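Undergrad: Dumping the structure here so I can ask a few things about it.
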Amino acid sequence: MGEGYHHFSIETVGDGVYVAIPDGGSNAGIVNLGDKTLIFDTFTTIGPARELKKAAERLTGRPPSLVINSHAHADHYQGNVVFADDAILIASIKTRNAIAEEGLFRLERMKNSMMEQANSLRKKLGQTSNENEKIQLDAILNEYDEFFEDYPHPKDIRLPVLIFEQSLTFQGSRRMAKLMTFGGAHSPCDAVLWLPDEKILFAGDLIIPNDNLILSQGNPENWLPILKQLEALGPTIIVPGHRGIIPADEGFAWARYYLNYVTDLADELSPCGNSTVSLEDLAAPPGCRHNWFIQNMDFLIKRHSLN
Ligand SMILES: [Zn+2]
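Heads up: take any position in the sequence shown, counting from 1, add 261, and you land on the numbering used here.
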């Protein structure tokens, strides 16, 4: 992608504040504190995480020594292994525990299921005499091989070692950064990074502009109250967990619009209301992928509503 980077493009959000934005996956922040370099989230796989480390060195003149995981979802912590030898890994206590409890299990399950898929394709390749199909299966199996090479193994799980409950402040020679959590909405615990002088907020997956918020793995009833607390900080720029950087007012407006859209719809369709409509027929908010929208709707209807 852009500026000589392979896995992402780098956007400068402020003097010494950068975001690595991949095409589709989760974002990662690079913050030059002046005497230290801080990373916010580490991607899903090893190749992009390695490149993130290199980008941080290139942009700040030193390797990162502080590495944060905003929350316990694979695309925000599985790159930890690349940084663990040189940096302090940091997360909230709930996030650290969720990675410890579920991360290893999830990696093993994912790897086993991919192995099974690859084995059945290999079997198919051995049985077919159709040349076109052979070429196609070969190409798919190559992709699987690349995946196995780049995807962390269960032994690559690296847990945060510096743990906070509510907040942790980094006072660098050039700027201050505050890591804090107001609880869990998208995940068991969502942390944000706040740069008070620049009014930049790294919001993690609490804000994903013009796309689905993912509601089914946390406590969505906390979402609106948390947004209120984030807004009270007074940010002007939001770095979301996915998608591009956005003016703060637009980021908050989108998150509220999305939450209200799906909860109003779920209230309408909840078992006491109209239950004859098929979920597949529901229209997602503009720009949102249908599969994640349906998953949210299914989750909300089963819970009746956020309230
Ligand atoms: Zn997430």
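For every residue, glycine included, the Cβ atom is placed at its ideal position computed from N, Cα and C.
Keep in mind that this is a model prediction, so the values were computed, not measured.
When you compare only the Cα positions, how much space is there between G433 and P421?
TA: If I take the Cα positions, the gap works out to 21 Å.
Undergrad: Give the C-beta separation of L456 and L440 to the nearest angstrom, bearing in mind that I take them to be a contact with Cβ-Cβ under 8 Å.
TA: Not really, about 11 Å apart at Cβ, beyond 8 Å.
Undergrad: How is the alpha helix (DSSP H) around P486 delimited, first residue to last?
TA: Looking at the DSSP string, the run of the alpha helix (DSSP H) that includes P486 is W484 to A493.
Undergrad: Under 7 Å Cβ to Cβ from I461, same chain only, skipping five residues before and after it: list those, please.
TA: The residues are V274, G275, V278, P496, I498 and V500.
Undergrad: Can you have a look at R214 and say buried or exposed, based on whether 16 or more other CB atoms are within 10 angstroms of its CB?
TA: This structure gives no information on residue 214, because the portion of the chain shown stretches from 262 to 568.
Undergrad: Is E426 helix, strand or coil by DSSP?
TA: The answer is coil: DSSP assigns E426 none of H, G, I, E or B.
Undergrad: When the Cα of K314 is compared with those of Y518, A281, A400 and G465, which residue comes out closest?
TA: Selected option, being the one with the closest Cα: A281.
Undergrad: Buried or exposed: H612, going by 16 or more other Cβ atoms within 10 Å of its Cβ?
TA: The chain is shown only over 262 to 568; residue 612 falls outside these bounds and no answer can be derived.
Undergrad: Reducing DSSP to helix, strand and coil, say where S270 ends up.
TA: S270: strand per DSSP, three-state reduction.
Undergrad: Can you tell me the Cβ-Cβ gap for F431 and G290, rounded? I've got them flagged as a contact below 8 Å.
TA: Not really, about 13 Å apart at Cβ, beyond 8 Å.
Undergrad: Name the two residues that bound the continuous beta strand (DSSP E) containing P309.
TA: Where P309 is concerned, there is no enclosing beta strand (DSSP E), although the alpha helix (DSSP H) it sits in stretches over I307 to T321.
Undergrad: If you measure from the CB of H337, is any heavy atom of ligand 1 nearer than 7 Å?
TA: Yes, ligand 1 has a heavy atom inside 7 Å of this Cβ.
Undergrad: For ligand 1, is there a heavy atom less than 7 Å away from the beta-carbon of D466?
TA: Because some heavy atom of ligand 1 lies under 7 Å away, the Cβ of D466 counts as near it: yes.
Undergrad: Contact between the stretch 318–335 and the stretch 350–365 is defined here as three or more beta-carbon pairs at a separation below 8 Å; is this criterion met?
TA: With the cut-off at 8 Å, the stretch 318–335 and the stretch 350–365 touch.
Undergrad: According to the neighbour-count rule (16 or more other Cβ atoms, all chains shown, within 10 Å of its Cβ), is D302 buried or exposed?
TA: Buried.
Undergrad: Are the CB atoms of I555 and L530 nearer to each other than 8 Å?
TA: No, these two residues do not count as a Cβ contact at 8 Å.
Undergrad: If you follow the alpha helix (DSSP H) that G465 is in, where does it begin and where does it stop?
TA: Premise fails: G465 lies in the beta strand (DSSP E), I461 to G465, not in any alpha helix (DSSP H).
Undergrad: For the putative contact between M375 and Y405, defined by C-beta atoms under 8 Å, what is the C-beta separation to the nearest angstrom?
TA: With a Cβ gap of about 7 Å, M375 and Y405 count as contacting.
Undergrad: Ignoring anything shorter than 3 residues, give me the beta strand (DSSP E) runs that lie fully in the stretch 397–448, in order along the chain.
TA: As far as the stretch 397–448 is concerned, its whole beta strand (DSSP E) runs of at least 3 residues are 423–425, 428–432 and 437–442.
Undergrad: For D399 and S326, I'd like the C-alpha separation in whole angstroms.
TA: Rounded to the nearest angstrom, the two C-alpha atoms are 41 Å apart.
Undergrad: So, with DSSP's three-state summary, where would you put I555?
TA: Helix at I555.
Undergrad: Are at least three pairs of beta-carbons, each pair with one atom in the stretch 467–480 and one in the stretch 507–523, less than 8 Å apart?
TA: Yes, they touch.
Undergrad: Looking only at its chain, what residues have a beta carbon closer than 8 Å to the beta carbon of G512, apart from the 5 residues adjacent to it on each side?
TA: A464, I468, P470, I499 and P501.
Undergrad: Under the DSSP definition of a beta bridge, which residues are partnered with H503?
TA: DSSP, once it has assigned bridges, lists S287 as partnering H503.
Undergrad: Just to check, is the beta-carbon of G512 closer than 7 Å to a non-hydrogen atom of ligand 1?
TA: G512: no, Cβ never under 7 Å from ligand 1.
Undergrad: For L520, name the three-state secondary structure that DSSP assigns.
TA: Residue state, collapsed to three classes: helix.
Undergrad: Kindly indicate which residue of T524, I271, R504 and K489 has the alpha-carbon position closest to the one of D510.
TA: Among T524, I271, R504 and K489, the Cα nearest to that of D510 is on K489.
Undergrad: Do A317 and P324 have their C-beta atoms closer together than 8 Å?
TA: Closer than 8 Å, so yes.
Undergrad: Does any heavy atom of ligand 1 sit closer than 7 Å to the C-beta of G502?
TA: Yes, Cβ of G502 sits closer than 7 Å to a heavy atom of ligand 1.
Undergrad: So the beta strand (DSSP E) T298 belongs to, where does it begin and stop?
TA: Note, T298: beta strand (DSSP E), T298 to F301.
Undergrad: Taking the alpha-carbon of S287 as reference, which of R504, H551 and N341 has the nearest alpha-carbon?
TA: Among R504, H551 and N341, the Cα nearest to that of S287 belongs to R504.
Undergrad: Exposed or buried, what is A459 when buried is set at 16 or more other beta-carbons lying within 10 Å of its beta-carbon?
TA: Residue 459 is actually Glu in this sequence, not Ala. When all chains shown are included, E459 counts as buried.
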